[in-house]
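Here the protein sequences come in this chain order: A and B.
If you read the first sequence in the UniProt record's numbering, its first letter stands for residue 1, the second for the next number, and so on.
If you read the second sequence in the UniProt record's numbering, its first letter stands for residue 1, the second for the next number, and so on.
I have placed the structure first, in the form of structure tokens, so that the comments after it can refer back to it.
Number of protein chains: 2
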Amino acid sequence: MNILIKNASVLTMTDHAELINNASVFIEDGKIKGIGGNSENLKADKIIDGTNKLVMPGLINSHTHIAMSLFRNYADDLPFWPWLTERIMPLEEKLIPEHVYWGSMLSIVEMIKSGVTSFADMYFFMDEVAKAVDETGIRASLSIGMSDSGDQDLKINNAKKYYDSWHGKADGRITVMAGPHAPYSCEPSFLHKVINMAAEKGMGIHIHLSESKKEVEDSYNLRGKSPIKHVHDLGLFELPTLAAHCVHLSDEDIAILVDKKVNVANNPGSNLKLGNGFARVEDMLKKGVNVALGTDGSASNNNLNMFEEINLAALVNKALKGDTTSIPAATAVKMATLNGAKALGLEKEVGTLEVGKKADIVILDLNKPHFYPRYNLVASLAYSAQASDVETVIVDGKILMENYELKTIDVEKVMYNAEKCAKSLIK
Amino acid sequence: MNILIKNASVLTMTDHAELINNASVFIEDGKIKGIGGNSENLKADKIIDGTNKLVMPGLINSHTHIAMSLFRNYADDLPFWPWLTERIMPLEEKLIPEHVYWGSMLSIVEMIKSGVTSFADMYFFMDEVAKAVDETGIRASLSIGMSDSGDQDLKINNAKKYYDSWHGKADGRITVMAGPHAPYSCEPSFLHKVINMAAEKGMGIHIHLSESKKEVEDSYNLRGKSPIKHVHDLGLFELPTLAAHCVHLSDEDIAILVDKKVNVANNPGSNLKLGNGFARVEDMLKKGVNVALGTDGSASNNNLNMFEEINLAALVNKALKGDTTSIPAATAVKMATLNGAKALGLEKEVGTLEVGKKADIVILDLNKPHFYPRYNLVASLAYSAQASDVETVIVDGKILMENYELKTIDVEKVMYNAEKCAKSLIK
């Protein structure tokens with residue numbers, strides 16, 4: 001199906017934040033075929049009037065655990081260890097594949113409704129997540145989260161099998177990474193196995209690094225070096241790496257991230273809520289680290305709203321630096337689009353609106369009071385916009401939501417089943 | 001008109017966060033006449049089905065400059081002084097009463113749509129703001145912002161006249177405070193005049209205090225004491241005071257705020273965006289200061305979304321303290337409701353849902369993916385909810401918005417005129 005979006009404000013995000021007014025976007029065979037002013041001669045099966053609307057690249061949630069939406073608002077305002085060991089882990093132990101499926105579906109509904117077109121996920125029962133991605137039409141980079149406990153070789157084999165089953169599937173919308181959970185949950189010998197397996201398969205690595213102060217202190221106590229230096233010395237960064245969090249970094253850590261071109265998923269909402277503090281986002285960006293944005297899971301956020309993360313990234317770093325120019329609006333939006341695409345290894349496919357790229361596009365309705373007056377749409381995205389302004393979402397050239405209505409998902413059924421799963425977990 | 005809300009989850013916010021399930025709220029003559037389970041025998045002109053809805057006290061925006069929404073997204077990511085002197089002040093000099101009226105109307109639309117039922121405002125051409133409050137049905141504490149420049153006695157007289165014209169008007173929905181802008185813009189002799197005038201009239205004081213590091217440093221350099229100590233020594237705190245910001249405080253400052261029962265309006269979004277840093281919210285609350293929440297003006301936020309401020313208050317203080325238990329959800333919601341009512345001197349009238357209080361009530365639609373699963377509604381308000389979940393708003397027993405539709409305002413006309421005003425300001 002061809003789609004023509006006409007008369008819109010088009011934010012390409014190519015040169016930071018290029019905005020073309022009264023422009024059209026033409027979509028064919030899942031790709032962007034044209035962007036510009038003249039759409040008179042174009043024929044399309046579907047025409048969307050973009051008057052008073054903003055067309056932009058879909059947002060990319062570069063780190064999450066979507067099935068954890070089943071634990072949303074279940075355990076809050078608690079110290080970290082009781083939260084994790086007394087509340088979250090006992091529920092996780094009860095999870096069955098069906099729970100992960102409905103938790104994933106709930107999160108995909110929430111993400112589509114808030115303009116997310118791609119996400120990077122790490123959890124277990126990941127076949128269920130892949131199934132949900134396949135059915136719903138969203139794009140994802142998926143990884144089985146692995147710790148060193150239990151049968152390590154079986155885990156390595158399962159990760160291989162998962163790659164073979166799902167990488168490149170769902171019309172190419174699914175990619176698969178290896179997911180060693182973190183250096184504190186994966187001993188060096190296991191990390192070596194994961195690295196070897198990933199190198200053999202050509203997989204990237206999705207890992208948690210330097211999230212809490214305690215993790216970094218423990219690493220120095222145990223190994224005399226930071227988690228970043230530790231996994232670097234193990235050779236992990238020889239593979240394309242998506243490192244979630246990276247909150248507590250030394251200058252040497254940042255130099256390593258730059259040198260090894262490690263992608264960082266900054267999760268301001270989760271880092272604040274879990275009391276982990278403030279990542280050195282401006283320092284990383286200035287040195288040349290690719291910093292993307294993520295929500296983390298809904299057990300520590302408690303939603304998957306990337307507009308909140310954009311807003312937080314733009315606000316918190318200004319206060320941290322005492323500098324109003326830190327992380328300007330365009331940078332925060334870029335973190336959630338192009339930087340996210342790079343972090344997922346998809347920068348040639350998505351992340352900007354460019355001819356030849358895949359059509360992962362969201363349309364915002366600007367006819368809302370908080371978009372008036374209309375001075376600067378990029379600033380308004382970072383400082384005024386709401387997830388609920390997202391009206392239409394297109395992934396791979398297919399409309400997943402139109403005029404606020406989801407096209408591939410029965411939302412009521414998903415909410416009903418998610419609630420049912422939650423009830424069975426806590427009974 | 002009588003209104004009966006049935007079958008709802010009712011969050012009274014009386015004992016921090018009392019939640020009554022499957023309850024009704026009965027409203028008569030602008031007041032809450034009943035809250036509870038049994039509504040069988042009640043007759044009402046209007047019945048609202050609260051199934052899958054949350055009924056709670058309206059949010060109170062305890063510090064803003066609503067007409068500044070005309071400058072929303074006009075000047076962002078700039079250093080403070082160029083932002084103020086080269087961008088904002090030149091526009092402010094061009095303002096005429098008509099601009100202030102339409103800027104105020106735009107903000108009132110935005111506030112009602114996001115669940116705000118009362119706000120505390122300080123600006124100029126305040127007759128226009130009062131007119132907008134009167135027409136739209138919202139509740140407000142209004143003050144003319146005053147600096148010491150120009151004819152001081154005329155300013156004092158105008159403040160008196162404003163009090164006489166508007167205090168207690170609009171069916172009692174308008175209260176008036178004196179608005180000396182800040183100690184750095186009001187010399188001590190002028191502050192004395194304001195204090196005398198306010199004492200004579202029985203007015204409270206709305207003032208900016210200790211917003212930026214520079215302001216506090218300048219105060220120490222000039223007077224050898226903090227802005228808080230300075231105005232305390234002038235006798236300002238002998239009157240009920242609403243002190244906006246209070247970001248940079250010493251322990252002695254906090255002791256003064258406690259001792260003099262000063263109300264603080266914390267504006268996390270604005271403080272972060274202007275690089276002013278992090279207020280000591282937890283320290284103030286623990287010592288017994290009444291800390292409310294505000295958005296500040298849309299030139300430094302850039303919206304009037306109190307759900308974002310609730311979320312920021314709950315998140316940022318956890319990171320600051322490295323403590324996940326800092327500012328739990330119920331506390332953040334209380335800051336935006338009861339604490340706000342206290343800050344505006346309205347705690348006997350609004351701020352909680354209690355029999356005998358005025359019916360300032362908002363209803364949220366919980367049938368959204370981010371409200372599932374349904375473990376803890378108070379946590380969901382602080383961590384998951386969106387301003388766009390507000391479906392119905394009642395002020396003084398009158399419905400201002402029902403099922404997302406504004407009843408007292410022509411929204412399209414307001415957005416059109418706000419845009420027109422903005423265009424005339426920048427041409």
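Positions of the beta carbon are idealized from the N, C-alpha and C atoms, including for glycine.
- Query: Is any beta-carbon of chain A found at less than 7 Å from that of residue 429 of chain B?
  - Reply: A question about residue 429 of chain B goes unanswered here, because the residues of chain B that appear run from 1 up to 427.
- Quick one: what's B:K46 bridged to in DSSP? Its beta-bridge partners are B:I3.
- Query: In the stretch 246–279 of chain B, which residues sit with their C-beta less than 8 Å from some C-beta in chain A, listed in chain order?
  - Reply: Those residues of the stretch 246–279 of chain B that come within reach of chain A (Cβ to Cβ, closer than 8 Å) are G269, N271, L272, K273, L274, G275, N276, G277, F278.
- Query: Quick one: what's A:E405 bridged to in DSSP?
  - Reply: A:E405 has A:E402 as its beta-bridge partners, per DSSP.
- Query: Who are the near neighbours of B:A418 in its chain, counting only those whose CB is closer than 6 Å to its CB and skipping five residues on each side?
  - Reply: When the five nearest sequence neighbours on each side are left out, the beta carbons in the same chain lying within less than 6 Å of the beta carbon of B:A418 are those of W102, L106, in order along the chain.
- Task: Alpha carbon to alpha carbon, how far is B:A140 from B:G172? Give it in angstroms, no decimals.
- Result: A direct Cα-to-Cα measurement between B:G172 and B:A140 gives close to 10 Å.
- Query: Using the beta-carbon of each residue, which ones in chain A are nearer than 8 Å to B:W83?
  - Reply: By Cβ distance, chain A contributes T324.
- Message: Measuring alpha carbon to alpha carbon, tell me which residue in A:V194, A:Y383, A:N276, A:S62 is nearest A:K213.
- Response: Across the set A:V194, A:Y383, A:N276, A:S62, the C-alpha of A:N276 shows the shortest separation from the C-alpha of A:K213.
- Query: Taking Cβ-Cβ distances shorter than 7 Å, what residues in chain A pair up with residue 450 of chain B?
  - Reply: Residue numbering for chain B in the displayed model covers 1 to 427; residue 450 of chain B lies beyond these limits and cannot be assessed.
- Item | Extent of the continuous beta strand (DSSP E) to which A:R139 belongs | Unbroken beta strand (DSSP E) run through A:R139: 139–146.
- Query: Where does A:A244 fall in DSSP's three states?
  - Reply: In this structure, A:A244 counts as strand in the three-state DSSP scheme.
- Message: Tell me which residues of the stretch 361–390 of chain B have at least one Cβ-Cβ distance to chain A shorter than 7 Å, keeping chain order.
- Response: Those would be P369, H370, Y372, P373, R374, Y375, N376, A379, S380, Y383, S384, Q386, A387, S388, in chain order.
- Identity of the residues DSSP links to A:A292 by a beta bridge: Answer is A:A265.
- Starting from A:D29 and walking both ways along the beta strand (DSSP E), at which residues does that stretch end? Looking at the DSSP string, A:D29 is not in any beta strand (DSSP E), and its letter there is neither H nor E.
- Item | Within 9 Å of chain B by C-beta, residues of the stretch 54–77 of chain A in sequence order | Result list: S69, L70, F71, R72, N73, Y74, A75, D76, D77.
- Task: Could you check the C-alpha separation between B:I138 and B:V109 for me, to the nearest Å?
- Result: Spanning the two alpha carbons is a distance of roughly 10 Å.
- Residues that B:L315 contacts on chain A, provided the C-beta gap is smaller than 7 Å: G269, L272, K273, listed in chain order.
- Item | Run of the alpha helix (DSSP H) containing A:S62, from where it starts to where it stops | A:S62 -> not in any alpha helix (DSSP H); beta strand (DSSP E) instead, spanning 59–64.
- Let me know the beta strand (DSSP E) ranges lying completely inside the stretch 199–247 of chain A, each 3 residues or longer, listed in chain order. Correct list: 205–209, 241–245.
- Message: Only counting the same chain, and skipping five residues up and downstream in sequence, which positions put a Cβ closer than 8 Å to that of A:G37?
- Response: Answer for A:G37: I20, N22, A23, S24, listed in chain order.
- Task: Quick one: which unbroken alpha helix (DSSP H) runs of 4-plus residues sit fully inside the stretch 92–134 of chain B? Chain order, please.
- Result: Here the runs fully enclosed are 97–113.
- Query: Relative to the C-alpha of A:V216, which residue among A:I207, A:N7, A:E28, A:P227 is closest?
  - Reply: For the options A:I207, A:N7, A:E28, A:P227, the alpha carbon positioned closest to that of A:V216 is the one of A:P227.
- Exposure of A:K155, with buried meaning 16 or more beta-carbon neighbours within 10 Å: Buried, because 16 or more other Cβ atoms sit within 10 Å of the Cβ of A:K155.
- Rounded to whole angstroms, what's the CA-CA distance from B:L78 to A:Y375? Just pull it up for me. Distance from the CA atom of B:L78 to the CA atom of A:Y375, rounded to whole angstroms, is 15 Å.
- Item | Contact set between B:M415 and chain A, taken where Cβ atoms lie within less than 7 Å | Against B:M415, the close residues of chain A are P369, Y372, in the order they occur along the chain (beta-carbon pairs closer than 7 Å).
- Task: Check whether the Cβ atoms of B:G145 and B:Y123 lie closer than 7 Å to each other.
- Result: Cβ atoms of B:G145 and B:Y123: closer than 7 Å.
- Item | Proximity test, Cβ basis, 7 Å: A:L11 and chain B | At a cut-off of 7 Å between beta carbons, A:L11 makes no contact with chain B.
- Message: Check whether the stretch 55–70 of chain B and the stretch 347–357 of chain B touch, using three or more Cβ-Cβ pairs below 8 Å as the test.
- Response: Touching, per the Cβ criterion.
- Query: What separation, rounded to the nearest whole angstrom, lies between the Cα atoms of residue 471 of chain B and A:D365?
  - Reply: The structure shown has nothing for residue 471 of chain B, since chain B only spans 1 to 427.
- Message: I'd like to know if B:A418 contacts chain A, where contact means its C-beta is closer than 7 Å to some C-beta of that chain.
- Response: Yes, B:A418 lies at the interface with chain A (some Cβ there is under 7 Å from its Cβ).
- Query: Quick one: any contact between the stretch 304–318 of chain B and the stretch 398–406 of chain A, if contact means 3 or more CB pairs under 8 Å?
  - Reply: Below 8 Å, too few C-beta pairs join the stretch 304–318 of chain B and the stretch 398–406 of chain A to call them touching: fewer than three.
- Cβ distance (whole Å) where B:M284 is taken to contact B:N61 below 8 Å: With a Cβ gap of about 19 Å, B:M284 and B:N61 do not count as contacting.
- With a 10 Å radius around its C-beta and 16 neighbouring C-beta atoms as the bar for buried, classify B:T51 as buried or exposed. Exposed: under 16 other Cβ atoms inside 10 Å.
- Taking Cβ-Cβ distances shorter than 8 Å, what residues in chain A pair up with B:V25? Correct list: empty, because the minimum Cβ distance to chain A is about 23 Å.
- Task: Using DSSP bridges, identify the partner residues of A:K358.
- Result: In DSSP, A:K358 forms a bridge with A:K31.
- Touch check for the stretch 325–336 of chain B and the stretch 281–295 of chain A: three-plus C-beta pairs under 8 Å? Segments in contact, no.
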